[in-house]
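J.: Here the sequence shown stands for residues 23 to 178, where the numbers follow our numbering. Positions of the beta carbon are idealized from the N, C-alpha and C atoms, including for glycine.
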Amino acid sequence: MPDDLLSHLIGPSPYSSAWLWTAVMLALGVIVWYAVVFALTSRRRLRDIPVLGAARDELIRRRAVRAVRTIGSRYRAGELAPARAGAAMSGELRSFLHAATGMDAEYMQVDAMTVGTLAPAAPILFELTDVQFNHRSAVDVGALSAATEELIREWT
Numbered sequence: 023m024p025d026d027l028l029s030h031l032i033g034p035s036p037y038s039s040a041w042l043w044t045a046v047m048l049a050l051g052v053i054v055w056y057a058v059v060f061a062l063t064s065r066r067r068l069r070d071i072p073v074l075g076a077a078r079d080e081l082i083r084r085r086a087v088r089a090v091r092t093i094g095s096r097y098r099a100g101e102l103a104p105a106r107a108g109a110a111m112s113g114e115l116r117s118f119l120h121a122a123t124g125m126d127a128e129y130m131q132v133d134a135m136t137v138g139t140l141a142p143a144a145p146i147l148f149e150l151t152d153v154q155f156n157h158r159s160a161v162d163v164g165a166l167s168a169a170t171e172e173l174i175r176e177w178t
């Protein structure tokens, strides 16, 4: 019997293990895709989902602290005037409060914040407003930066 006919009697060669891993990765990708779509389109807010909410809150907190620290450093280096530093810190604090509580802190008057959920932030916002609009203000912007960072870090 010739050798060339012997290849037709033996079964096919086994498939590569790369195909198995490709199928597993594609299946995991589809599962993750559906989980993300479900989480983003569910009626529950993202902060109400236990693990995702805690991770989201921590990321928001770290970003806000980093931004306020950068503003404070730029003020101490002399790059920002007190009014501009106060305005920037006020904007960051209000943005953080909006993201953390869902309330429209960016558009609220400071007097309206003294009652309710945003009450702990009202004294700092009063001082930031004073620094921003009163050129004769005696408030130390460096200390105010540290107080703002501490408020953001301890916000629950």
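Quick check: what's the CA-CA separation for E149 versus A168?
T.: 13 Å
J.: With DSSP as the reference, label R158 as helix, strand or coil.
T.: coil
J.: Among L173, F60 and M47, which residue has its Cα nearest to the Cα of A4?
T.: Residue 4 falls outside the range modelled here, since the chain spans only 23 to 178, and no answer is possible.
J.: Quick one, are the C-beta atoms of E171 and V59 less than 8 Å apart?
T.: no
J.: Quick one, which of W41, V153 and E176 has its alpha-carbon nearest A107's?
T.: When each option's Cα is compared against that of A107, the closest is V153.
J.: Beta carbon of A177, beta carbon of R83: below 8 Å?
T.: In the sequence as displayed, the identity of residue 177 is Trp instead of Ala. In this structure, R83 lies closer than 8 Å to W177 by Cβ.
J.: Buried or exposed, going by whether 16 or more other CB atoms sit within 10 Å of the CB of E10?
T.: The structure shown does not extend to residue 10, since the chain is modelled only from 23 to 178, so the question has no answer here.
J.: Would you kindly report the start and end of the unbroken alpha helix (DSSP H) that includes E80?
T.: P72 to R98
J.: How about V125 and L147: are their beta carbons less than 8 Å apart?
T.: Going by the sequence as given, residue 125 is Met instead of Val. No. Outside cutoff.
J.: Which residue comes first and which comes last in the alpha helix (DSSP H) that contains V132?
T.: Taken as a continuous stretch (DSSP letters only), the alpha helix (DSSP H) holding V132 covers V132 to M135.
J.: Looking at C-alpha atoms only, which residue of F118, A134, A109 and R98 is the closest neighbour of A165?
T.: R98
J.: Considering only the beta carbon of each residue, do A57 and I71 sit closer than 8 Å?
T.: no
J.: Identify the continuous alpha helix (DSSP H) that holds A107 and give its terminal residues.
T.: P104 to T123
J.: Quick check on the burial criterion: 16 or more other C-beta atoms within 10 angstroms. Buried or exposed for F118?
T.: buried
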